[in-house]
Structure formats: structure tokens, C-alpha cells
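Engineer:
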Amino acid sequence: MSLNRHQQAGITDEQVLDMYKTMLLARKIDERMWLLNRSGKIPFVISCQGQEAAQIGASFALDREQDWTAPYYRDLGVVLAFGMTAKDIMLSAFAKAEDPNSGGRQMPGHFGQKKNRILTGSSPVTTQLPHAVGVALAGKMEKEEFVSFVTLGEGSTNQGDFHEGLNFAGVHKLPVITMVENNKYAISVPFDRQVASENVSIRAKSYGMHGVTVNGNDPIEVYTAVKEARERAINGDGPSLIEAVTYRLTAHSSDDDDRTYREKEEVEEAKRDDCILTFSTYLKESGVLTDEIEEKINSEVQGIVNEATEYAEEAPYAEPEHALRFVYEEQEG
Amino acid sequence: MAVMSYIQAVTTALREEMQRDDKVFILGEDVGKKGGVFRATDGLYDEFGAARVLDTPLSESAIAGVGIGAAMYGLRPVAEMQFADFILPAFNQIISEAAKIRYRSNNDWQAPITIRAPYGGGVHGALYHSQSVEAMFANQPGLKIVMPSTPYDVKGLLKAAIRDNDPVLFFEHKRAYRLIKGEVPSDDYVLPIGKADVKREGDDITVITYGLGVHFALQAAEKLAEEGIEAHILDLRTVYPLDQEAIIEAATKTGKVLLVTEDNKEGSIIGEVAAIIAENCLFDLDAPIKRLAGPDVPAMPYAPTMEKYFMINPEKVENAMRDLAEF
Chain H
3 MSLNRHQQAG ITDEQVLDMY KTMLLARKID ERMWLLNRSG KIPFVISCQG QEAAQIGASF
63 ALDREQDWTA PYYRDLGVVL AFGMTAKDIM LSAFAKAEDP NSGGRQMPGH FGQKKNRILT
123 GSSPVTTQLP HAVGVALAGK MEKEEFVSFV TLGEGSTNQG DFHEGLNFAG VHKLPVITMV
183 ENNKYAISVP FDRQVASENV SIRAKSYGMH GVTVNGNDPI EVYTAVKEAR ERAINGDGPS
243 LIEAVTYRLT AHSSDDDDRT YREKEEVEEA KRDDCILTFS TYLKESGVLT DEIEEKINSE
303 VQGIVNEATE YAEEAPYAEP EHALRFVYEE QEG
Chain U
16 MAVMSYIQAV TTALREEMQR DDKVFILGED VGKKGGVFRA TDGLYDEFGA ARVLDTPLSE
76 SAIAGVGIGA AMYGLRPVAE MQFADFILPA FNQIISEAAK IRYRSNNDWQ APITIRAPYG
136 GGVHGALYHS QSVEAMFANQ PGLKIVMPST PYDVKGLLKA AIRDNDPVLF FEHKRAYRLI
196 KGEVPSDDYV LPIGKADVKR EGDDITVITY GLGVHFALQA AEKLAEEGIE AHILDLRTVY
256 PLDQEAIIEA ATKTGKVLLV TEDNKEGSII GEVAAIIAEN CLFDLDAPIK RLAGPDVPAM
316 PYAPTMEKYF MINPEKVENA MRDLAEF
């Protein structure tokens, strides 16, 4: 019997189902946040929808016990794969005190959790790239064996920090994997108004690193590219730039109306290629996902999202005066 | 006790901290083999190797940003900006990132990075090698800004900056590098960040300043002493956050206050010092708060005539002190 695609990539049936489940969890949390936003319960949401395959495919190719990550605001899938829970995400959505990302200080999508090696992020884009390079530099200096994984959108590839960070990583041959999630829009501005080159990965050449463009709707293809990049990094062969081509299925954020700048037909067409649907079809065709297993996963994910939402909604806010804490290190006692 | 120059105190502090803690490393442009354009890292490349005295690409935002990443990981980076004038490409990394990392993560993360940069004029450096940039950073809680005046303070405060668990901007006056010498103990001491220091006791007028201004004020004070005017001189040492208690105490002591900076006047550090005094010492003042500063032009011109006109110097400080004493 010939091996199917995920087995050829070295992914077990169990792992591939775990990938699917994590993708679905990211999607369902995201959808729930939109509902909460539209019903006036949370002020803001910014989505991962359409990018789950790239995020989870990449994360599963990493060592999620050792590797570090500097995600950007759409990387719900990455942070879930790195150990953040649905409850953590919902606490952030409701800006509650227990939110591990920021204790309710930052908008949702501004991830960070030290125990899972998820660097804290901000809103000005691409600042996280030099941070990931710095983590890789530190790891190399300390002779630790891990890679630093940083993600960003294609609009971010026009920032100075993209150039400065990647050039630094290339010069010092650091174990950094940079994955650009090219969802074709920087808010309203399409790719051809953002980037002059034919694609993003071609830019890798000027930084002396390996560059490749992959189908970001296919978690197995992304997995393979990141797996290879990780091997190069660990073997001392330096950084990689991976461009995962996806599509942003929602508006930029809950405050954006994408009907003003892109055609409905274009979005409808992209939805036919929705990675959650295409991946579940693949899993069914390869016999891994049965109706029974699918139903079990759906109900489990639904339960997790419901429980997380209820918990976070009931959880307390920080005390007002907590706004004064942690400007600088606070001395004990 | 050894007498050393201001810049030797910088090198000494760096060397001792790197010997003490192998997590401390230096990154910047030309800091390695060359030992820095001012030679602040002279000899460190040979002693500690290329990895710990890292020559970076010419990329200020990456120097800061990569340093911040390494600091979040747990190392102790000391980043060098070749001139304070060139720090601005790193502004976003310093203000949006380093200064906010502890706060925005609710104390989960910290960024213990020290960023050193030579600042200041009077060295024929023209517009882009003479500036005082501290005020551009000095309304950002989460950041500390240290500007020492003496070799003794340099060593103790640079060590404190490197050991501090929050980001510290450490601005060194480049004219002081070789001009200012002083005694520096060979032992391992640190000085508190956030504390001003009385550099001269006096009862007639108070001068509050920092950096090279401290030396100008001290020289002027000796001359005025011959005329029977005794000046009290407070060196801010940390310009953000300010040592309010010491400022209030120094202002109250004489009731006549002159504030001195070589930065442009409007929006400078001493404006905030004036506000602290105005809020707290109104009924202790015997004269309006006076400010001596650079003119409000974009930066210091190159030609010696114009440079001299821009710069504060001992004579300008002396005249301003005498005027205040006679008020």
C-alpha cells in the first residue's frame, strides 16, 4: 500500500488528526470572538481565518518543547500549537486580569507567554523579527539547540526591521525561520501595491539565506518546508525565509469593512479553498478522518470554546490601580 | 586609587561586568576589532572574543532589536550606538518595544538591555555628531536614562545599568571622554540609578545640571567663590525618571535656581526640572527659575563661530550664575 501525503512527510495519522483539531480550534475560537464582538461583548477582534493551515503546519514541524516563537497578531494557530489554551485566548479577548498575554492590558492578538517561549508582541509591525533574531543569537552563544520561529504578514516585509533583521540573521548564520503569511492584503492594499518583486521569498537571496514559496492552504506542504528549514538551522546552515501563500477570509479586523476594497466574488472563491474544508476532505480521502471521529472532534472543540468563553466572561477585570504596576521591576517585600 | 579618563571608566566597567557575568555581551558597529570609533571597547575583543564583542551590520534598529531579543532570552546585552545622533532608526525598538515589554506583558517578560551612546557637542561634530537626544526619550515610563558626569559615576552607573532588569539608555558625553579625568576605585561598586548627586555644597545659589554642564558649573563656582558667592551644585546623573526629592531639596536650600543643559531649551530635560520646582517650592524661591540652554535651532552648526555660539561653556554658566546671585 502506497503511503499517503502526510505519511510521506513523516507525519503520523495521530499527528495529522491533532493538526486538524488544532486548526479547527483556532477557527472556532476566532468565529466565537466575532460573534462576541458583534453582540457587543468584546470591543475588538483580529482574525486568523484562512491562515490556520500555514500556522499549524509550520508549528507542528517545530520542536514545541524547545523552540521559541515571535508570532504576529493573526497567529492564533501558532500560539495554540505552542501551548496557549482556548481559555487564555478568551481571557485576552475579554481583557480580564487572568489573561496570560498581558493581564488585559493589550488588545486581543497581542500574544506573549514566557512559559511557552512565545515572545510578547506589540502593534507596530515587524518589530518582532529582530527580537527573534536576538533569541537565535542568544541560543547560538549559549550553545543551545533550538530554532527561533518568527511570522509576519507580507505588508510587513516592506518595513526596515524586515531588512535589518534578516540581514543580521544572514550575516551571522543564525537559526531563525521567518515565515511570511502572505494573505494578499495589508488591510486594503493588495500584494502588487505592496511588493515590487514577483514574490516575497525571492528576497531571501539578498540575505544569503534559503527562500521558498509554498501553498499556505496546505498544512503538509508548509510542514515539510519548515521541517527542512529547521534541519538546516540546527545543522548550522543558517536561516530560512518561507512564504506561505494564503488568503485572509475576514476583514482586516472587526473595525474594517473589506467590501470597500475587494470583490465579494473573490472572497467567495477563496472560501471554496478554505483550508479547513480542503484539509478535512484530504483526511477523509486518506481514511484518517471518519464521520465518527469528525463528530467527536467537532463536539470536543465546541465544548472547549464554550467553556473558555463562559470562564472568561465571568472572570474579573484587573483592579483600576493595577494600571500603575510593572512599569519597572518591583522589588520584593 | 587610580586616576582615569571618562572613557577609560566606560571600558573598565564593561570589562569588569563581562568578567563577572558571562551573559554580558557587547554589540554594535565597529566595537570588535577596532574597539569602537572612540575606543570605548578597546581591548575587549582580544580578551572576550568575537562572539561577546560582536561587530554588527550598520543597522541601528537591528542592534537595538536583536539586543532586546537576546535580553528577553536572558542575556545581558550592551548595545553601542556609534553616535547618539544615529539612534533614531532604533527609536521604535526602544520606545515601542524595550520600554513597554514589562508593562505590556504584565510582568511576564523583561528586557534588560543597556544602550550606550556618545552625545554632546563642542567637538566640531556639526549637526549630526553633536546632539543631545535625551529629551526625545524622556517621557517614556519603562525606560531609564543615565547621563554621568565623572569617571567615578561612569563606572558605578554603567555597572548598575548592566545589572538593571529594565532597559537603560546610557548617554556618555563625547567631549568628556578624554577631557574629564578623575579617581576611580578599583573595587566593584555600583551607584544607584535614579539618584542625583550633590557635587558642591553652597548656600547662595543652586545649579542643577548634568553631563559636561556639571564641570562647567564647578569651574564657574570656583570663580564665584572668590567673589563670595557659594554655589550648590546638583548633578542629576539620571535624567529619567528624575530624582524629585533631591531636586526639591537642592532648590529649597538656596531659593535661587539655575538649570543648565546643552540641549535646545524648549522641551528639554530642565523644563521638567523647572516644573517640579514650581510645583513644590514656590514659597521657598527668592528668584524666578532660570534656564541656560542651547538655542532653539535644529542642531549645532559646524563652523567654529556658530558652534561656540551654540554651546554652553564655563563663561556662560558663570555669567548666568552671577546674574542669579545678584537678583
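As given, the protein sequences belong to chains H and U, one line each in that order.
According to our numbering, numbering within the first sequence proceeds without interruption in unit steps and concludes at 335.
According to our numbering, numbering within the second sequence proceeds without interruption in unit steps and concludes at 342.
In this text, a Cβ means the ideal position worked out from N, Cα and C, and glycines have one as well.
Examine the Cβ distances between the segment 46 to 59 of chain H and the segment 236 to 250 of chain H and report whether three or more of them are shorter than 8 Å.
Structural biologist: By the Cβ rule, the segment 46 to 59 of chain H counts as touching the segment 236 to 250 of chain H, because three or more pairs are nearer than 8 Å.
Engineer: With a floor of 4 residues, list each alpha helix (DSSP H) that falls wholly inside the segment 222 to 271 of chain U, ordered by position along the chain.
Structural biologist: 227 to 241 and 259 to 269
Engineer: For Ala17 (chain U), count the other beta carbons within 10 Å of its own beta carbon; 16 or more makes it buried, fewer makes it exposed. Which is it?
Structural biologist: Looking at its Cβ environment, which holds fewer than 16 other Cβ atoms inside 10 Å, Ala17 (chain U) is exposed.
Engineer: Classify Arg117 (chain U) as helix, strand or coil using the three-state DSSP reduction.
Structural biologist: helix
Engineer: At 4 residues or longer, and completely inside the segment 87 to 152 of chain U: list those alpha helix (DSSP H) runs for me, N to C.
Structural biologist: Listed in chain order, the complete alpha helix (DSSP H) runs (minimum 4 residues) inside the segment 87 to 152 of chain U are 116 to 119 and 149 to 152.
Engineer: Answer with yes or no whether the minimum CB distance from Thr224 (chain U) to chain H is below 8 Å.
Structural biologist: no
Engineer: Give the single residue among U:Ile220, U:Ala99 and U:Lys323 whose Cα lies nearest to the Cα of Ala302 (chain U).
Structural biologist: U:Ile220
Engineer: Taking 8 Å as the threshold, find out whether the segment 290 to 300 of chain U comes into contact with the segment 256 to 272 of chain U through three or more Cβ pairs.
Structural biologist: yes
Engineer: Along chain U, which residues have their Cβ under 8 Å away from the Cβ of Val224 (chain H)?
Structural biologist: In chain order: nothing, as chain U lies at least about 24 Å away.
Engineer: By the three-class DSSP mapping on this structure, what secondary structure does Tyr167 (chain U) have?
Structural biologist: Secondary structure of Tyr167 (chain U) (DSSP, three-state): helix.
Engineer: Leaving aside the five residues before and after Gly172 (chain H) along the sequence, list all residues of the same chain whose C-beta is less than 8 Å from its C-beta, in chain order.
Structural biologist: Tyr209, Gly210, Met211, Gly240 and Pro241
Engineer: Quick check on the burial criterion: 16 or more other C-beta atoms within 10 angstroms. Buried or exposed for Glu333 (chain U)?
Structural biologist: With 16 or more other Cβ atoms within 10 Å, it is buried.
Engineer: Compare the Cα-Cα distances from Asp90 (chain H) to each of H:Lys286, H:Ile31 and H:Gly238 and report the closest residue.
Structural biologist: H:Ile31
Engineer: How many angstroms separate the CA atom of Gly82 (chain U) from the CA atom of His133 (chain H)?
Structural biologist: 7 Å
Engineer: Would you give the residue range spanned by the beta strand (DSSP E) that Glu187 (chain U) belongs to?
Structural biologist: Note, Glu187 (chain U): beta strand (DSSP E), Val183 to His188.
Engineer: For the beta strand (DSSP E) that Glu183 (chain H) lies in, which residues bound it at each end?
Structural biologist: Val178 to Asn184
Engineer: Could you pull out every residue in the same chain whose Cβ sits closer than 6 Å to the Cβ of Asn118 (chain H), ignoring the five residues on either side in sequence?
Structural biologist: Phe84 and Gly85
Engineer: Out of curiosity, what's the CA-to-CA distance linking Ala293 (chain U) and Ile223 (chain U)?
Structural biologist: 14 Å
Engineer: Compare the beta carbon distance of Phe231 (chain U) and Pro133 (chain U) with 8 Å and say whether it is the shorter of the two.
Structural biologist: no
Engineer: Assign Pro200 (chain U) to one of two classes, buried (16 or more other C-beta atoms within 10 Å of its C-beta) or exposed (fewer than that).
Structural biologist: exposed
Engineer: Would a check of beta-carbon distances place Ala85 (chain U) closer than 8 Å to chain H?
Structural biologist: yes
Engineer: Skipping 5 residues on each side, what residues in its chain have a beta carbon closer than 8 Å to that of Asp181 (chain U)?
Structural biologist: Arg117, Gln125, Ala126, Pro127, Gly157, Leu158 and Lys159
Engineer: So is Ile116 (chain U) in contact with chain H if we call contact Cβ pairs under 8 Å?
Structural biologist: Output row for Ile116 (chain U): interface = yes.
Engineer: Quick one, are the C-beta atoms of Ser120 (chain U) and Gly111 (chain H) less than 8 Å apart?
Structural biologist: no
Engineer: Quick one: is Tyr330 (chain H) buried, meaning 16 or more other Cβ sit within 10 Å of its Cβ, or exposed?
Structural biologist: Looking at its Cβ environment, which holds 16 or more other Cβ atoms inside 10 Å, Tyr330 (chain H) is buried.
Engineer: Note down, in chain order, every chain U residue with its Cβ under 7 Å from the Cβ of Lys116 (chain H).
Structural biologist: Asp123 and Trp124
Engineer: Kindly indicate if chain U contains any beta-carbon less than 8 Å away from that of Gly42 (chain H).
Structural biologist: Not an interface residue.
Engineer: When you compare each of H:Gly12, H:Tyr225, H:Phe170 and H:Gly123 to Ala206 (chain H) by their alpha carbons, which one comes out closest?
Structural biologist: H:Phe170
Engineer: List the residues of chain U that Glu166 (chain H) touches, going by C-beta distances under 9 Å, in chain order.
Structural biologist: Pro72, Ser74, Glu75, Ser76, Ala77, Ile78, Gly80, Val81 and Pro104
Engineer: Mind pulling the chain U residues with CB within less than 8 Å of Leu27 (chain H)?
Structural biologist: Result: empty, since nearest Cβ-Cβ is about 23 Å, beyond 8 Å.
Engineer: Work out the CA separation of Thr56 (chain U) and Pro166 (chain U) for me, nearest whole Å.
Structural biologist: Roughly 16 Å between the two C-alpha positions.
Engineer: Quick check on Asp181 (chain U) - is its C-beta less than 8 Å from some C-beta in chain H?
Structural biologist: With a threshold of 8 Å between beta carbons, Asp181 (chain U) makes contact with chain H.
Engineer: Can you pull the DSSP bridge partners for Ile278 (chain H)?
Structural biologist: Partner(s): none; Ile278 (chain H) has no beta bridge.
Engineer: Enumerated in chain order, which unbroken segments of the alpha helix (DSSP H) with a length of 4 residues or greater are wholly contained in the segment 117 to 176 of chain H?
Structural biologist: 130 to 143 and 162 to 173
Engineer: Under 8 Å, do Lys186 (chain H) and Tyr249 (chain H) count as touching if we go by C-beta distance?
Structural biologist: yes
Engineer: Could you please tell me which residues of the segment 202 to 220 of chain U, in chain order, have their CB closer than 9 Å to any CB of chain H?
Structural biologist: none
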